[in-house]
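Residue numbers (my numbering): 654 to 766.
What follows is the structure, given as structure tokens:
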């Protein structure tokens, strides 16, 4: 296995990008190997590492299929539906509460009325 070049933070050459940078351009790594890595030093822990990919070898992002969009919509609707009162809360229900805010704190609703 060959070693990849390591660059210091902000000193990577042009033509290389992280996954997030590729995604912002509408690209994906497309199965290519890591071309290099960037290390950002930290004071008390090991360095942060970001892997870099070649922009020239990157492929366009696959378009969202109707079935995938429907599954994503269904999953997001499930995250907004309160399991106790079965209503759409209009926001993602916090995992800490497990229910919508009115169901989690019914005494606050009675005081407000």
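The beta carbon of each residue, even a glycine, is placed where N, CA and C say it ideally should be.
Limits of the alpha helix (DSSP H) - the one that residue i falls within
i	result
residue 693	From DSSP, residue 693 is part of no alpha helix (DSSP H) but of the beta strand (DSSP E) over 689-693.
residue 754	754-757
C-alpha distance - residue i paired with residue j, whole-angstrom precision
i	j	result
residue 704	residue 694	15 Å
residue 670	residue 716	21 Å
residue 691	residue 659	6 Å
residue 672	residue 750	34 Å
residue 682	residue 738	44 Å
residue 678	residue 663	19 Å
residue 722	residue 657	37 Å
residue 736	residue 710	46 Å
residue 700	residue 756	45 Å
residue 661	residue 729	39 Å
residue 706	residue 698	25 Å
DSSP state of residue i mapped onto helix, strand, coil
i	result
residue 747	coil
residue 660	strand
residue 726	helix
residue 677	helix
residue 700	coil
residue 713	strand
residue 720	helix
Close Cβ partners of residue i (< 7 Å) along its chain, the five nearest in sequence each way excluded
i	result
residue 758	none
residue 696	none
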